[in-house]
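> The structure that follows is given in the form of structure tokens.
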Amino acid sequence: MLELSQIAVAYQSFTVVKDVSFRLAAGEIGCLVGPSGSGKTSLLRAIAGFEAVHQGEILLDGQLVSSATQMLPAEKRQVGVVFQDYALFPHLTVAENISFGLHRQNKAQQQAKVMQLLQLVGLEGMGKRFIHQLSGGQQQRVALARALAPEPRLLLLDEPFSGLDADLRDSLAKDIRAILNQLGITAVMVTHDQHEAFAMADWIGVMAHGMLQQWGTPYQLYHQPANRFVADFIGQGDLLTGQMLDSCSVQTCLGVFRQTEPTNLTAGTTVDLLVRPDDILHDDQSPLRAKVLSRAFRGAHMLYQLEVGNGEKISCLAPSHHQHAIGEYIGIRPEIDDLVCFARASIG
Amino acid sequence: MPLTKLHWRQLPLLLVVGLLLMPLLVVFSSLLSPDLSLWQHLLATVLPDYLQNSLLLAAGVGLGALLLGTSLAWLIVFFRFPGRNLLQWLLLLPMAMPAYIIAYSYTGLLDFAGPVQSLLRDLFGWRYGDYYFPQVRSLGGAILLLSLVLYPYVYLLARSAFASQSERLAEASLSLGFSRRQHFFRVTLPMARPALITGTALAMMEAFADYGTVQYFGVPTLTTGIFRTWFGMGQQQGAAQLSALLCTLVLALIYLELASRRQLHFYYTGQSHSDIKTHQVRGIRGYLLLLLALLPLLLGFVVPALQLAMLADWAALLSSDYLKLLWHSFSLAFAAAVLLVALATWLCYGLRLNRHWLVQLLIRLSAMGYAIPGTVIAIGVMLPLAFFDNQLDLLAEQYFGVRTGLLFSGTVVALLLAYAVRFLAVALQGIEAGLGQIKPSMDQAARSLGLTPLQVLWRVHVPLLRPAVLTALLLVFVDVLKELPATLLLRPFNFNTLAVKSYELASDERLADAALPALTIVLVGLGPVLLLTRALDKKSSVGH
Chain A
29 MLELSQIAVA YQSFTVVKDV SFRLAAGEIG CLVGPSGSGK TSLLRAIAGF
79 EAVHQGEILL DGQLVSSATQ MLPAEKRQVG VVFQDYALFP HLTVAENISF
129 GLHRQNKAQQ QAKVMQLLQL VGLEGMGKRF IHQLSGGQQQ RVALARALAP
179 EPRLLLLDEP FSGLDADLRD SLAKDIRAIL NQLGITAVMV THDQHEAFAM
229 ADWIGVMAHG MLQQWGTPYQ LYHQPANRFV ADFIGQGDLL TGQMLDSCSV
279 QTCLGVFRQT EPTNLTAGTT VDLLVRPDDI LHDDQSPLRA KVLSRAFRGA
329 HMLYQLEVGN GEKISCLAPS HHQHAIGEYI GIRPEIDDLV CFARASIG
Chain B
-12 MPLTKLHWRQ LPLLLVVGLL LMPLLVVFSS LLSPDLSLWQ HLLATVLPDY
38 LQNSLLLAAG VGLGALLLGT SLAWLIVFFR FPGRNLLQWL LLLPMAMPAY
88 IIAYSYTGLL DFAGPVQSLL RDLFGWRYGD YYFPQVRSLG GAILLLSLVL
138 YPYVYLLARS AFASQSERLA EASLSLGFSR RQHFFRVTLP MARPALITGT
188 ALAMMEAFAD YGTVQYFGVP TLTTGIFRTW FGMGQQQGAA QLSALLCTLV
238 LALIYLELAS RRQLHFYYTG QSHSDIKTHQ VRGIRGYLLL LLALLPLLLG
288 FVVPALQLAM LADWAALLSS DYLKLLWHSF SLAFAAAVLL VALATWLCYG
338 LRLNRHWLVQ LLIRLSAMGY AIPGTVIAIG VMLPLAFFDN QLDLLAEQYF
388 GVRTGLLFSG TVVALLLAYA VRFLAVALQG IEAGLGQIKP SMDQAARSLG
438 LTPLQVLWRV HVPLLRPAVL TALLLVFVDV LKELPATLLL RPFNFNTLAV
488 KSYELASDER LADAALPALT IVLVGLGPVL LLTRALDKKS SVGH
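Sequences listed follow chains A and B, in order.
With the first letter of the first sequence counted as 1, position 261 gets the number 289 in this note's numbering; the numbers rise by one all the way through.
With the first letter of the second sequence counted as 1, position 485 gets the number 472 in this note's numbering; the numbers rise by one all the way through.
Encoded structure:
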């Protein structure tokens, strides 16, 4: 459905996106996450046709829409966009905004479509209002309805929840995911918030320094990060020094960890092992002890920062009724199923 | 905001505001006792002409200013061509050119004896009657010339309206299948509509208020009609009633302007800097574009100013006549500026300290004068003052055996009152903006740091208000200096200002003598335009 191969985007001589490739099947939702300045929005704008690509190709439904030499104008792409600031037209009503892209249809068709979309996004009866009479969340829904009205081949969402408060974000993300799935829309969303990405996406691409660091499912990104950047950016975790005993096991100060699948690392390599807070279980019976450095109350859980053996630090997510004072030694039991090891010498 | 009660201390404030509203009340109350025979006479003779010419003039100027201002703003915002950055400010210069002065200048330039026609005759060997040349001194000429100096109102508002529209809006249109051109007509222009209407309404108000140009061109309009009815026919009530008619037309425009301004508020929020995609025009086409955009500046400022400079008798620069004019004009304008800014500051503090709806409403109403034609204000000031003077004179003679004569109506007091009515809004706007920057929390912070209220005023308010006060002084000063009709009507006997003298000289076909005072007004008028330029430049560079 959407296919990017080796895309590069540059402003004047400054390259902001390098060598990005991924594909998205029909009906799938992809998310681009990354810190600000990572090039994710530029990539989205290239897909929309607002920016030219310097290298590579973008294919939509098998049709070449962008390459270094060719560019289908944005208005001919049939790609809907939901903008970060919504970019709703303030001189038009809600209904007129939604029907704006339906100029090739007759009035009756337009009206029917507007009614249908208003219902879909939960704004029945608000068609006659002006944009400034709506709340932020309602404006967001109008922006979505406007982008969906012409039945685009692909929907792009640029930080669609950044202007909303946290509660609204979660519920709106769920609603939008449901709407997109219901209509079978293929979509690409840009966000800097990985929780939004987890809530929305079938596929997530992590961007940094203009490059796609990893393209995978949320599970893969969390449990099998491709490099240090992804390991650090997605979720919480600490790196523990270790030595490969063979390609399937690693020796650390917390003991030896194994997995059945062999890694591509050879015995004797010094590595950093990724340890997630949920990999470390709190167990008073365990002989393995760690010193509490600090703690943060998280409601259901308590996040402990611990110091182990040789002064290395790890985190532990314990049920919050397990209260321990700072400086106290507590029992821990590591349970690491996927070994994520990065060789010391290599960077990134 | 808690509802505050009216306090007796507000009384002086209410009295002053009441005094400022008096001229309008007088003018409108004249409608209560309509002089039917006079109206029948006017209707049968000149009123249809007055009304038609006034309406045509306002409509024509509105259209001209709208077309000029909008297309210039479009060029400046959406295109990049050589000289564009400087030109965007230079295009404001015609604001410094009072309409009556551009009228003298073009008359001198295009009249039968002027350089243009002389050149044509020399070139082609024509003589009088051999050729057709459009008459400058006509309704059409007035429309053209007024449009040339009034388009900046539309240009300024249109420019910021266009520039404040986010590029995201254009991209939204593109993603919905519209081209950029379609976007301009479907979104950019409709979204700018309130700004365009506001600017056009302001230009039309000025056109309705114009006296100098139409009188000089011999086009009978409501303003000249008011003069004629007052002086020519001695019909004071009739003049007041014509004033009320003119005022009603202007009030309709004010309503339109206010309604559009309210809408403006909804249309442009948040967007502080422009990220509009511009079209770079290079080479010869770029210079052609520059030439095109330069045209209104040349015709609206450079050509008339040069023409005046060429006509002017520079030897008169040091003559006692000219120096006396300067002294009269500057001292009068300075007195008015100090008075009005002091008044505005007082009123603004009144507003800040007392939020009673009556205080608010009255001060807002007293700021309406900016739209009321000077002629109307003059009538509204003259009638009650003359009545008061006559009563006083009568009483004084009766009880003390002395005649007081015209105590107020023939003096500078009448002039100052008229200026206060007309230009208070200018001062109020400036001071209010300055005072708005001093948040109440600053007062509280200063008080909590141990300052007495007086110390707060001296150490916080005065330094923060100084720029606003200086700006307001300059703006009022220049507005008063340029003002013609009210000054002409109300000035003390034999008291001449630059504006009045240049008008009289031009009316006597002594254009060469009129040029020097006219040019002086233009040069002084450049001050506020430069100030505006600097303020806007600062505002537009803050966003980046």
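Cβ coordinates follow ideal geometry from the N, Cα and C atoms, glycine included.
Does G530 of chain B get closer than 7 angstroms to chain A when you measure Cβ to Cβ?
Unreliable placement is indicated for G530 of chain B, whose pLDDT of 38 sits below 50; the coordinate value is still reported in the next sentence. No, G530 of chain B does not count as interfacial toward chain A.
> Could you tell me which chain B residues have their CB closer than 7 angstroms to the CB of G129 of chain A, listed as they occur along the chain?
By Cβ distance, chain B contributes L163 and G164.
> Just the chain B side, please: which residues come within less than 9 angstroms of G155 of chain A by C-beta, in chain order?
Chain B residues near G155 of chain A: none, gap ~18 angstroms exceeds 9 angstroms.
> Pull up the distance between the alpha-carbon of L73 of chain B and that of G101 of chain B, whole angstroms please.
Cα-Cα distance, rounded: 32 angstroms.
> If we define contact as Cβ-Cβ less than 7 angstroms, is V136 of chain B a contact residue for chain A?
Not closer than 7 angstroms to any Cβ of chain A, the Cβ of V136 of chain B fails to qualify, so no.
> Should P178 of chain A be labelled buried (16 or more other beta-carbon atoms within 10 Å of its own) or exposed?
Classification for P178 of chain A: buried.
> Counting only beta-carbon atoms, is E158 of chain B nearer than 7 angstroms to chain A?
Cβ-Cβ to chain A under 7 angstroms: yes for E158 of chain B.
> Flag this pair as yes or no: are the beta carbons of K341 of chain A and D266 of chain A separated by less than 7 angstroms?
Contact: yes.
> Can you name, in chain order, every residue of its own chain whose Cβ lies under 6 angstroms from the Cβ of V463 of chain B, other than the five neighbours on each side?
Here the set comprises A324, L327, F410, V413 and A414.
> What is the rounded straight-line gap between the Cα of A365 of chain B and the Cα of Q442 of chain B?
In a straight line, the C-alpha of A365 of chain B is about 42 angstroms away from that of Q442 of chain B.
> With distance defined between alpha-carbon atoms, name the residue in A:T294, A:K46 and A:L200 nearest to M239 of chain A.
With distances taken between Cα atoms, M239 of chain A lies closest to A:K46.
> Between Q431 of chain B and V447 of chain B, what straight-line distance do the alpha-carbon atoms span, to the nearest angstrom?
Looking at the two C-alpha atoms, the distance is approximately 11 angstroms.
> Beta strand (DSSP E) containing L60 of chain A: first to last residue?
It spans I57 to V61 - the beta strand (DSSP E) in which L60 of chain A sits, taken as one unbroken run.
> State whether the segment 494 to 509 of chain B contacts the segment 289 to 306 of chain B, with contact taken as three or more CB pairs (one from each stretch) at a distance under 8 angstroms.
Yes, the segment 494 to 509 of chain B is in contact with the segment 289 to 306 of chain B.
> Could you tell me whether the Cβ atoms of L72 of chain A and D186 of chain A are closer together than 7 angstroms?
In this structure, D186 of chain A lies closer than 7 angstroms to L72 of chain A by Cβ.
> For A115 of chain A, would you say it is in contact with chain B, using Cβ-to-Cβ distances shorter than 7 angstroms as the test?
Yes, because at least one Cβ of chain B sits closer than 7 angstroms to the Cβ of A115 of chain A.
> Pull up the distance between the alpha-carbon of A405 of chain B and that of A473 of chain B, whole angstroms please.
So the two alpha carbons sit approximately 7 angstroms from each other.
> Could you name the residues of the same chain whose beta carbon sits closer than 6 angstroms to that of G257 of chain B, not counting the 5 residues immediately before and after it, in chain order?
In this prediction, G257 of chain B scores a pLDDT of 47, lower than 50, which makes its location untrustworthy; the coordinate-derived value is nonetheless stated afterwards. Contacts found: none.
> Is there a Cβ of chain B sitting closer than 7 angstroms to that of H310 of chain A, yes or no?
Judged by the 7 angstroms Cβ criterion, H310 of chain A is not in contact with chain B.
> Using 7 angstroms as the threshold, is the C-beta distance between E158 of chain B and D262 of chain B below it?
In this structure, D262 of chain B does not lie closer than 7 angstroms to E158 of chain B by Cβ.
> Taking just the CA atoms, how far does T187 of chain B sit from Y357 of chain B?
Going from the Cα of Y357 of chain B to the Cα of T187 of chain B covers about 15 angstroms.
> Against chain B, with Cβ distances strictly below 7 angstroms, would F111 of chain A count as a contact?
Yes, contact with chain B.
> Smallest Cα separation from Q122 of chain B: which of B:W61, B:V136 and B:Q104?
When only C-alpha atoms are compared, the closest one is B:Q104.
> On a Cα-Cα basis, can you pick out the residue from B:P360, B:L279, B:F482 and B:L444 that is closest to W61 of chain B?
Answer by Cα proximity: B:L279.
> Check L268 of chain A in the structure and name its three-state DSSP category.
If DSSP states are grouped into helix, strand and coil, L268 of chain A belongs with the strands.
> So what's Y379 of chain A in DSSP terms, helix, strand or just coil?
Nothing can be reported for residue 379 of chain A: it is not among the residues displayed for chain A, which extend from 29 to 376.
> Which residue from B:A322, B:G421 and B:G423 puts its Cα closest to that of D466 of chain B?
Cα-wise, what sits closest to D466 of chain B is B:A322.
> Are there three or more Cβ pairs, one per stretch, closer than 8 angstroms when the segment 12 to 21 of chain B is compared with the segment 341 to 354 of chain B?
No, the segment 12 to 21 of chain B is not in contact with the segment 341 to 354 of chain B.
> Go to A25 of chain A, then tell me how far its beta strand (DSSP E) extends in each direction, as first and last residue.
Not covered by the structure: residue 25 of chain A. The range shown for chain A is 29 to 376.
> Could you tell me which residues DSSP puts in a beta bridge with P377 of chain A?
No information on residue 377 of chain A is available, as it lies outside the stretch 29 to 376 that chain A covers here.
> Tell me, please, whether the CB atom of A102 of chain A is closer than 7 angstroms to any CB atom in chain B?
True, the Cβ-Cβ gap to chain B drops below 7 angstroms.
> Note down, in chain order, every chain B residue with its Cβ under 9 angstroms from the Cβ of P347 of chain A.
What P347 of chain A touches in chain B: nothing, since even the nearest Cβ is about 45 angstroms away.
> Given this structure, state the Cα-to-Cα distance separating Y39 of chain A from S41 of chain B, to the nearest angstrom.
Straight-line Cα distance between these residues: approximately 55 angstroms.
> Hey, out of A:S275, A:I35 and A:S314, whose CA is closest to A371 of chain A's CA?
For the residues A:S275, A:I35 and A:S314, the minimum Cα distance to A371 of chain A belongs to A:S275.
> So which residues on chain B does A74 of chain A lean against when the C-beta distance must stay under 9 angstroms?
What A74 of chain A touches in chain B: nothing, since even the nearest Cβ is about 13 angstroms away.
> Please list, in chain order, all residues of the same chain as L126 of chain B whose beta carbon is under 7 angstroms from its beta carbon, the five residues on each side excluded.
Cβ neighbours of L126 of chain B beyond the five flanking positions: N40, L43, L44 and V206.
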